[in-house]
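First comes the structure, then the notes that go with it.
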Amino acid sequence: MTPTRPLLELSGITKRFGDLVANDAVSLSVASGEVVAMLGENGAGKSTLMKIVYGLVRPDGGTITMDGRPLDISSPRDAMAAGIGMVTQEFSLVETMTVTENVALSSVGLGRVDVRAARQRVVDAMDRVGVQIEPERLISTLSIGERQRVEIVKALFHECRVLILDEPTAVLTPQDVRALFETVQRLRRTGLGVLFVSHKLREVAEISDRVVVLRRGSLVGERATAEVTTHELASLMMGGTAPEEDVASAVGLPVAEVPEEAPVAPREGAGTAERRPVLILTDVTLERPGRPALDHLTFEVRPGEIVGLAGISGNGQTELMNVLGGVELPTSGRVEVDGAAVTRLDVRGRLDAGLGRLTEDRRGSVVPQLSVEHNLVLEDLPSFTRRGMLDKAAIRAHAEEVIRRFDIRATPTDPVSSLSGGNMQKVLLARALSRRPKVLVAAQPTRGLDVGAYRYVHEQLHELRDTGAGVLVISEDLDELRSLCDRILVLFRGAITGGLPVAEATSERLGAMMTGESVEV
Amino acid sequence: MSINVLALLSAMLTIATPLVWAGIGELIVEKTGVLNLGIEGTMYLGAFIGFLVALRSGSPWLGLIAAIGGGVVAGLLMGLLTVTLGLNQHVSGLGVTLLLIAACEFAFRLLYTGARPTLEDKFQVLLPDVPVLDQHWLTYVAFLVLAPAAWWVLRATGMGYRLQAVGENFEAADVAGISVTATRYVALMVGGALMAIGGAFLTLAVLGNFTLDIINGRGWVCIALVIFAKWRVWPVVLGALIFAGTDALQLQLAITKTFSDIPRELMLALPYLAVIAALAVWGRKVHYPASYLQAYRRG
Ligand SMILES: Nc1ncnc2c1ncn2[C@@H]1O[C@H](COP(=O)(O)OP(=O)(O)OP(=O)(O)O)[C@@H](O)[C@H]1O
Ligand SMILES: [Mg+2]
């Protein structure tokens with residue numbers, strides 16, 4: 000499909016937040032039928048630019064034109080009227096409403112809603128996009144992966160001419176990504192222009208015609224996807240300053256032919272059986288109307304190993320996180336952390352017992368109005384208290400250290416609500432890791448991280464393991480699990496259907512287990 | 000000791016009426032995540048303007064229309080403070096209440112020094128000869144039209160979806176093309192009108208005159224009722240009936256021999272204690288609208 004005429008054009012878009020220039024005179028265009036991918040480090044200004052196009056952020060300067068006519072977009076309503084649709088990076092779903100209500104929200108008038116007809120239209124839209132979620136379910140009962148799918152259905156519910164996708168694949172399974180890409184390919188043939196933000200170079204290579212790279216607010220490069228190498232893209236993203244091996248390891252191969260990440264060999268003596276497990280779940284059951292969300296779940300994590308929990312989201316991941324984190328009590332069963340029963344303990348008690356956690360709902364894990372430095376110490380106030388008072392100097396020093404190590408694009412006093420998605424994720428990771436937990440339970444730990452940060456986090460998790468802690472990683476991303484873990488378990492309908500050492504965990508075997516075929520541990 | 004059950008029920012419905020009007024008004028506003036503590040003042044304003052205009056024009060209907068207008072303006076004022084300027088909702092609401100009560104009191108004292116004017120023509124009860132059903136039309140409307148309509152609008156219409164979306168996640172509402180500002184303003188204006196009708200009911204239908212303590216905390220009761228009801232319409236009506244029933248009972252008991260020794264203040268406090276007790280039992284673990292008390296600002 001060759002791009003025909005320029006559809007959407009941005010020119011000289013500038014946006015400042017105080018002293019920070021989030022977008023510095025950015026100009027780019029999307030043609031009808033074209034997919035333009037946008038790359039850039041965490042905090043580079045990608046989401047800000049997308050939000051400007053969709054009317055969620057007011058630019059300080061620049062113009063937006065559609066079909067050559069200038070647009071004045073001052074709200075999402077204007078953007079929708081101009082034929083622009085968007086999947087936002089942070090979900091925009093009303094948790095107390097159903098899937099149908101959320102999807103239909105933007106098209107209901109003021110009067111009576113024909114629920115039947117609305118449901119039918121939503122189901123049709125889900126069929127078109129290749130998504131299956133019960134339309135009557137409340138959003139609050141959906142996992143992050145399911146919510147992401149609802150977001151995509153919502154954006155494709157309307158006819159639009161330009162579709163903005165801000166990291167829509169960060170929490171999707173490869174199958175879902177496939178379904179999304181097929182839909183995008185189909186729609187582009189009818190003339191849809193797409194702006195696609197992702198940190199996953201393979202996806203960018205697969206779906207896009209053109210790649211643009213943003214660095215610290217400025218557009219630093221624009222290439223035809225077919226002609227660029229990932230190496231070139233990575234050095235554009237990180238700037239000339241990035242160490243050569245960083246760039247190389249982040250990518251290393253031409254975009255067009257990134258293979259699946261090869262599984263790493265298991266380390267010598269990983270998860271030695273003699274040592275007492277740091278996390279034990281015995282017969283943990285969580286009843287829900289219908290079938291149990293967790294069904295006699297039994298497994299353990301030993302010190303010095305990283306266990307991956309694979310599974311299609313919606314099979315009990317969210318509930319398991321709740322039960323582990325102390326947000327919800329299991330109906331029956333037992334949870335032990337480092338030898339102590341924590342089944343009935345609250346969040347605080349579990350943290351004290353040595354549990355660290357990184358929940359999938361990052362918005363719900365921070366206090367958005369509080370500063371970065373305060374969010375960083377929220378779970379560990381006693382260590383930052385001297386004679387009953389918060390030790391401000393120690394908190395500041397800790398924050399500065401963390402910001403440097405994780406390369407967080409923010410100052411200690413910025414409110415967390417102003418951080419980019421990836422930077423917010425880094426704050427949460429840093430908080431969980433710096434408490435040196437005995438066992439860390441992490442859902443989607445690298446969600447939305449740029450290539451550099453992705454690598455750094457994996458190093459950090461390996462280091463935590465090497466100091467004798469146990470790590471449980473919950474993710475739908477098999478490639479990530481295979482490159483990170485020592486052992487992979489599969490969760491299906493609230494129970495473990497099997498486990499494999501990473502060397503034997505091929506995508507095919509895992510994929511079969513994820514749909515319910517049992518394989519011996 | 001004898002209690003006249005029919006009189007008790009009749010009084011209960013009358014006492015509950017302003018609570019149903021204003022309570023549903025508050026509910027609609029709070030659905031969008033705005034706590035309108037201006038309710039007490041808005042009811043007061045409705046009672047006063049309704050009375051003033053009815054007195055001057057001789058028509059309770061004109062009084063009611065004026066009260067509705069006053070309520071809409073009070074809602075607009077709340078909107079200006081909390082939506083447009085984004086000020087703290089507690090402070091804004093209390094400020095509006097204090098301002099409106101002070102202004103009405105001042106005007107009342109200025110206009111009617113000494114004299115205690117009474118409306119010549121106030122709303123009369125329908126079916127005066129039938130016990131319990133001997134109510135004002137505003138009572139009938141409150142229970143038979145307003146409550147079912149509010150329930151239906153919130154549950155089954157696009158307007159209801161919008162109110163809920165704004166109250167639960169205003170960013171999501173914005174992304175869906177729903178104007179947070181417009182939705183909150185509309186809710187505040189409609190809610191203000193309903194609160195003012197609740198206040199005007201007291202002067203135009205029940206009393207026929209205006210006293211300085213006419214609202215006497217009924218607005219605050221409505222705030223409690225909405226929480227007790229967990230932002231649902233029928234429980235607000237139920238809560239209003241519980242409060243009104245206790246109040247009616249207290250009034251009857253106070254005139255019976257057995258209870259005449261009990262301090263009057265304690266008897267008067269009974270319905271309020273009932274509300275507190277109800278809140279303690281059912282008002283726990285409530286899910287507040289997620290954008291409660293917050294002003295919306297885009298990035
Ligand atoms: N409302 C705001 N107030 C202040 N600063 C903001 C605000 N929104 C974004 N920023 C800052 O602007 C910069 C760009 O943020 P943006 O969300 O556009 O990054 P991004 O490229 O999408 O990153 P990521 O890959 O992590 O999603 C960041 O440094 C962020 O902290
Ligand atoms: Mg972003």
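Those sequence lines, one after another, are chains Y and E.
Residues in the first sequence are numbered consecutively from 0, following numbering that gives the first Met the number 0.
Residues in the second sequence are numbered consecutively from 0, following numbering that gives the first Met the number 0.
Where a beta carbon is used, it is the ideal one built from N, C-alpha and C, also for glycine.
Using a Cβ-based criterion (distance less than 6 Å to any ligand heavy atom), does Q424/Y qualify as near ligand 2?
Taking the first sequence and counting its residues from 1, one reaches residue 424/Y at position 425. Flag unset: Cβ of Q424/Y not near ligand 2.
Looking at A429/Y and V401/Y, is the spacing between their C-beta atoms short of 7 Å?
Counted from its first residue, the first sequence places residue 401/Y at position 402. Counted from its first residue, the first sequence places residue 429/Y at position 430. Yes.
Rounded C-alpha distance that separates Q424/Y from D485/Y: Looking up residue 424/Y in the first sequence gives position 425. Looking up residue 485/Y in the first sequence gives position 486. Cα to Cα, the separation comes out at about 24 Å.
In whole angstroms, what is the alpha-carbon distance linking P411/Y and Q293/E?
The residue given as residue 411/Y occupies position 412 in the first sequence. The residue given as residue 293/E occupies position 294 in the second sequence. Distance between the alpha carbons of P411/Y and Q293/E: 24 Å.
Item checked: Extent of the continuous alpha helix (DSSP H) to which H157/Y belongs -> Working through the first sequence from its first residue, we reach residue 157/Y at position 158. Note, H157/Y: premise wrong, no alpha helix (DSSP H); not H, not E.
_Using beta carbons (cut-off 7 Å, strictly below), is G110/Y in contact with chain E?_
Within the first sequence, residue 110/Y is the residue found at index 111, counting from 1. With 7 Å as the cut-off, G110/Y counts as an interface residue toward chain E.
Q. Sorted by chain position, which residues of the same chain lie with C-beta nearer than 8 Å to L328/Y's C-beta, five sequence neighbours on each side aside?
A. The residue labelled residue 328/Y in the question sits at position 329 within the first sequence. Result list for L328/Y: V322, T342 and R343, in chain order.
Cα-Cα separation, P288/Y to S142/Y:
Reading the first sequence from its first residue, position 289 is the one you call residue 288/Y. Reading the first sequence from its first residue, position 143 is the one you call residue 142/Y. Between P288/Y and S142/Y, the C-alpha separation is close to 17 Å.
Can you name, in chain order, every residue of its own chain whose Cβ lies under 7 Å from the Cβ of G69/E, other than the five neighbours on each side?
Taking the second sequence and counting its residues from 1, one reaches residue 69/E at position 70. The residues are L44, G45, I48 and A195.
- Query: For P414/Y, which option in M512/Y, D390/Y and V366/Y has the closest C-alpha, if you only look at C-alpha atoms?
  - Reply: Stepping through the first sequence from its first residue, residue 414/Y is reached at position 415. Among M512/Y, D390/Y and V366/Y, the Cα nearest to that of P414/Y belongs to V366/Y.
Can you tell me whether S197/Y is helix, strand or coil according to DSSP? Taking the first sequence and counting its residues from 1, one reaches residue 197/Y at position 198. Coil, per DSSP.
Just how far apart, CA to CA, sit G39/Y and Y271/E?
Here residue 39/Y refers to the residue found at position 40 of the first sequence. Here residue 271/E refers to the residue found at position 272 of the second sequence. Going by the C-alpha atoms only, they are around 60 Å apart.
CB contact check: V371/Y to chain E, cutoff 7 Å: Within the first sequence, the letter at position 372 stands for residue 371/Y. Not an interface residue.
Requested in this report: At 8 Å on the CB atoms, spell out the chain E contacts of T297/Y, in chain order.
Outcome: Start at 1 with the first residue of the first sequence, and residue 297/Y comes out as number 298. Near T297/Y there are no residues of chain E at all, since even the closest Cβ is about 31 Å away, more than 8 Å.
Where the region 86-120 of chain Y meets chain E: residues whose CB sits under 7 Å from a CB there = T87, S91, L92, V93, E94, T95, M96, E100, L104, S105, V107, G108, L109, G110, R111 and V112
Closest Cβ-Cβ distance between L55/Y and chain E: below 7 Å? Position 56 of the first sequence, counted from the first residue, corresponds to residue 55/Y. Yes, L55/Y lies at the interface with chain E (some Cβ there is under 7 Å from its Cβ).
* Asked: Any idea if V501/Y is buried or exposed, counting beta-carbon neighbours within 10 angstroms, 16 or more meaning buried?
  -> Translated into the one-based positions of the first sequence, residue 501/Y becomes position 502. The residue is buried, with at least 16 neighbouring Cβ atoms inside 10 Å.
*Output yes or no for whether 7 Å exceeds the beta carbon distance between G42/Y and P75/Y.*
The residue labelled residue 42/Y in the question sits at position 43 within the first sequence. The residue labelled residue 75/Y in the question sits at position 76 within the first sequence. In this structure, P75/Y does not lie closer than 7 Å to G42/Y by Cβ.
Q.
Under 6 Å: does the beta carbon of T47/Y sit that close to some heavy atom of ligand 1?
A. Indexing the first sequence from 1 puts residue 47/Y at position 48. Yes, the beta carbon of T47/Y sits closer than 6 Å to at least one heavy atom of ligand 1.
Item checked: Contact set for A255/Y: own chain, Cβ-Cβ below 6 Å, skip 5 residues either direction -> To locate residue 255/Y, count along the first sequence from 1; it is residue 256. Note that A255/Y scores a pLDDT of 34, beneath 50, so its modelled location is shaky; the value from the coordinates is reported in the next line. Answer for A255/Y: A204, listed in chain order.
Residue from D59/Y, S73/Y, V149/Y and E145/Y whose Cα sits closest to the Cα of E100/Y:
Counting from 1 along the first sequence, the entry for residue 100/Y is found at position 101. The shortest Cα separation from E100/Y among D59/Y, S73/Y, V149/Y and E145/Y belongs to V149/Y.
Residues of chain E with CB under 8 Å from S331/Y, in chain order? On the first sequence, residue 331/Y is found 332 positions in, with the first residue counted as 1. Within chain E, no residue comes near S331/Y; the closest Cβ sits about 23 Å away, beyond 8 Å.
* To do: Look at L265/E and Q249/E and say whether their C-beta atoms are less than 7 Å apart.
  => Taking the second sequence and counting its residues from 1, the one referred to as residue 265/E is at position 266. Taking the second sequence and counting its residues from 1, the one referred to as residue 249/E is at position 250. Contact flag unset, no.
- Would you check whether ligand 1 has a heavy atom nearer than 6 Å to the C-beta of F16/Y? Taking the first residue of the first sequence as 1, we reach residue 16/Y at position 17. Yes - ligand 1 has a heavy atom lying nearer than 6 Å to the Cβ of F16/Y.
Review point. Going by the C-beta, is L43/Y closer than 6 Å to any heavy atom of ligand 1?
Key: Looking up residue 43/Y in the first sequence gives position 44. Correcting the residue type first, residue 43/Y is Ala in the shown sequence and not Leu. Indeed, a heavy atom of ligand 1 lies less than 6 Å from the Cβ.
Mind pulling the chain Y residues with CB within less than 9 Å of E167/E? Taking the first residue of the second sequence as position 1, residue 167/E is located at position 168. Within chain Y, the residues near E167/E are V93, E94, T95 and M96.
Please name the residue or residues paired with N215/E in a DSSP beta bridge.
Taking the second sequence and counting its residues from 1, one reaches residue 215/E at position 216. Answer by DSSP bridge pairing: none, since N215/E is not bridged.
Whole alpha helix (DSSP H) elements within the region 92-134 of chain Y, 4-residue minimum
98-103 and 114-128
T514/Y classed as buried or exposed, judged by whether at least 16 other C-beta atoms fall within 10 angstroms
To locate residue 514/Y, count along the first sequence from 1; it is residue 515. Burial call: exposed.
What whole-angstrom Cβ distance do M77/E and G92/E have, given they're in contact under 8 Å? Here residue 77/E corresponds to residue number 78 of the second sequence, with the count starting at 1. Here residue 92/E corresponds to residue number 93 of the second sequence, with the count starting at 1. About 7 Å; that satisfies the 8 Å criterion.
* When DSSP labels each residue in this structure, what does L282/Y get in the three-state scheme? -> Locating residue 282/Y in the first sequence gives position 283, counting from the first residue. Residue 282/Y is actually Asp in this sequence, not Leu. Correct three-state label for D282/Y: strand.
_Check whether chain Y comes within 7 Å of A171/E, counting only Cβ atoms and requiring the distance to be less than that._
Here residue 171/E refers to the residue found at position 172 of the second sequence. Yes, A171/E lies at the interface with chain Y (some Cβ there is under 7 Å from its Cβ).
Q.
Taking a contact to mean a Cβ-Cβ separation below 7 Å, would you say T297/Y touches L319/Y in this structure?
A. Numbered from 1 along the first sequence, position 298 holds the residue referred to as residue 297/Y. Numbered from 1 along the first sequence, position 320 holds the residue referred to as residue 319/Y. Their beta carbons are not under 7 Å apart, which means T297/Y does not touch L319/Y by this criterion.
*Thinking I487/Y and A309/Y are a contact (beta carbons under 8 Å), I'd like their distance in whole angstroms, please.*
As a working mapping, residue 487/Y is identified with position 488 in the first sequence. As a working mapping, residue 309/Y is identified with position 310 in the first sequence. Indeed they touch by this definition, with Cβ atoms about 6 Å apart.
**Asked** What first and last residue would you give for the beta strand (DSSP E) that runs through N22/Y?
**Response** Within the first sequence, numbered from 1, the residue matching residue 22/Y stands at position 23. Run containing N22/Y: L19 to A30, per the beta strand (DSSP E) assignment.
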